[in-house]
Amino acid sequence: MRFGTVALVGRTNVGKSTLLNAALGEPLAITSPLPQTTRDALLGVVRRGAAQIAFLDTPGLHRPRTELGRRMNAAAYESARSADLVVMMTDVWTKPPKEQRALPGGGPLDNPWLRPGDREVLETLAGFAPGPRILLVNKVDLLRDKTQLLPQLDAYAKAQEFEAFIPVSVRRNDGVDAALDEIARLLPEGPAGFDEDTLTNRPVLFFVREYVREAILNQFEREVPHAVAVSIDAAEESAQLLSLAATIHVEKVGQRKILVGHGGEQIKAIGIAARQRIESLVDKQVHLKLFVRVTPHWKDMPRQLSEMGYDPAQGIVAPEVLRGEEPDAPETDPS
1 MRFGTVALVG
11 RTNVGKSTLL
21 NAALGEPLAI
31 TSPLPQTTRD
41 ALLGVVRRGA
51 AQIAFLDTPG
61 LHRPRTELGR
71 RMNAAAYESA
81 RSADLVVMMT
91 DVWTKPPKEQ
101 RALPGGGPLD
111 NPWLRPGDRE
121 VLETLAGFAP
131 GPRILLVNKV
141 DLLRDKTQLL
151 PQLDAYAKAQ
161 EFEAFIPVSV
171 RRNDGVDAAL
181 DEIARLLPEG
191 PAGFDEDTLT
201 NRPVLFFVRE
211 YVREAILNQF
221 EREVPHAVAV
231 SIDAAEESAQ
241 LLSLAATIHV
251 EKVGQRKILV
261 GHGGEQIKAI
271 GIAARQRIES
281 LVDKQVHLKL
291 FVRVTPHWKD
301 MPRQLSEMGY
311 DPAQGIVAPE
321 VLRGEEPDAP
331 ETDPS
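Next up, the structure:
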């Protein structure tokens, strides 16, 4: 038996959450075409042969401009530091870089075949992730000429030591099985860390917040989704019904008007989409009431962020969570 934690790290929008969903066989993690969709580490447990893999899907590493961004990066850093194995994900060059030769005197991280933003990720891994790592290069289905992948793989091999390099197309489920087999092979021997039927140790209310936010991400353009956070006001559950009330926080009055829509049409559509996702998770009827509140500058307010669930002290990468124990955070404010 093998068991270990595996941190999925990389830039935004390289397919980390999509890979987690493919490995789990169900859409647990929210996904969208917009960058920085994932804001906190999410644990998903996958059984692969004689191995149990505890994946940690992490926020995309980026240059933060807010306290929220700094906390997102911190969640990714801590996941990489604590993991038994790090899977760095990147994506292909659909066209060769304009400059294909390294500058004279430059080091391995100056290679132009490294994807923009990956230099910072590689530097982060060198400082935070002492364990083994593999590289997954996603979206290879976009390459007409597969030989174009070779100089990119060579650049990453020279930049850092990886145990394996695996081209994948997660969207088409191409190469995912090979990646999971290699991940399982590299895990340390040991007993399973979670029960056989455990999918994640995040409480339901965590996913309520996430699925409301996902509905907003899929319904609006860039400005509004990035200005949104969700907090849970009330939750009551019976055998047949889960009743919920949640507040959607925005930064400006204009954003509130957009979310509510004419005659409440937009907020109603958000509620319907989120409710359907929640019902598929809890397998019971859901009543969901949504409110929209203007909370200026919430991204830079530490106390407000903690109340919304973005609290490093309660993060999923806390030691007790990595051991498969229940976190101390109350269920009404998961993070």
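Position one of the sequence shown corresponds to residue 1 (the numbering used here), numbered consecutively onward. Just so you know, even glycine gets a beta-carbon here, dropped at the ideal spot from N, CA and C. No experiment lies behind these values; they were computed from the predicted model shown.
* Whole-angstrom C-beta distance between Arg2 and Gly190, which should lie under 8 Å -> Between Arg2 and Gly190 the Cβ distance is about 7 Å, and since that is below 8 Å, they are a contact.
* To do: Return the CA-CA distance between Ala269 and Lys299, expressed in angstroms with no decimal places.
  => Going by the C-alpha atoms only, they are around 25 Å apart.
* C-beta contact flag for Val224 and Gln255 at 9 Å -> Yes, Cβ-Cβ distance for Val224 and Gln255 is below 9 Å.
* Residue of Gly131, Ala50 and Arg222 minimising C-alpha distance to Leu34 -> Among Gly131, Ala50 and Arg222, the Cα nearest to that of Leu34 is on Arg222.
* Please determine, among Ser238, Ile248, Ser17 and Pro203, the residue with the shortest C-alpha to C-alpha distance to Ile216. => Considering only alpha carbons, the answer is Ile248.
* Starting from Pro167 and walking both ways along the beta strand (DSSP E), at which residues does that stretch end? -> For Pro167, the enclosing beta strand (DSSP E) covers residues Phe165 to Pro167.
* Under a three-way DSSP split, which group does Ala83 fall into? -> Note: Ala83 maps to coil in three-state DSSP.
* Buried or exposed by the 16-neighbour rule on C-beta atoms within 10 Å, applied to Arg275 -> Classification for Arg275: buried.
* Can you tell me which of Ile134, Gln152 and Gln52 puts its alpha carbon nearest to the alpha carbon of Pro116? => The residue among Ile134, Gln152 and Gln52 with its C-alpha nearest the C-alpha of Pro116 is Gln152.
* Asked: Which one or two residues does DSSP pair with Gln36 in a beta bridge?
  -> Beta-bridge pairing by DSSP links Gln36 to no other residue.
* Would you mind sorting Thr147 into buried or exposed? The rule is 16 or more other CB atoms within 10 Å of its CB. => Counting the other CB atoms within 10 Å of its CB gives Thr147 a total below 16, which places it among the exposed residues.
* Answer yes or no: do Leu347 and Met89 have a C-beta to C-beta separation smaller than 9 Å? => Residue 347 lies beyond the residue range present for the chain, which begins at 1 and ends at 335; the question has no answer from this structure.
* Work out the CA separation of Val176 and Gly324 for me, nearest whole Å. => Only weak support is given to the placement of Gly324: the predicted model assigns it a pLDDT of 37, under 50, and the value that follows is read from those uncertain coordinates. Rounded to the nearest angstrom, the two C-alpha atoms are 25 Å apart.
* Asked: Shortest alpha-carbon distance to Thr31 belongs to which of Lys158, Val137, Tyr156 and Val170?
  -> Taking only the C-alpha atoms, the option nearest Thr31 is Val170.
* Could you check the C-alpha separation between Glu123 and Thr94 for me, to the nearest Å? => Our two residues, Glu123 and Thr94, have alpha carbons roughly 24 Å apart in a direct line.
* Residues near Phe165 in its chain [Cβ-Cβ closer than 6 Å; skip 5 each side] -> Excluding positions up to five away in sequence, the list reads Leu135 and Leu153.
* In whole angstroms, what separates the C-alpha of Asp118 from that of Gly10? -> The alpha-carbon atoms of Asp118 and Gly10 are separated by roughly 7 Å.
* Asked: Opposite Gly44 in the DSSP bridges: which residues?
  -> Paired residue(s): Phe55.
* To do: Find out if the Cβ-Cβ distance for the pair Asp57, Leu68 is shorter than 9 Å.
  => The answer is no: Cβ separation not under 9 Å.
* Asked: Using CA coordinates, which residue listed in Pro96, Pro167, Val86 and Gly49 is at the minimum distance from Pro112?
  -> Nearest C-alpha to Pro112 among Pro96, Pro167, Val86 and Gly49: Pro96.
* Anyone know if the C-beta pair for Ala199 and Val228 falls short of 9 Å? -> Here residue 199 turns out to be Leu, not Ala, going by the sequence shown. Note that the C-beta distance between Leu199 and Val228 is not below 9 Å.
* Met301 - DSSP class collapsed to helix/strand/coil -> Note: Met301 maps to coil in three-state DSSP.
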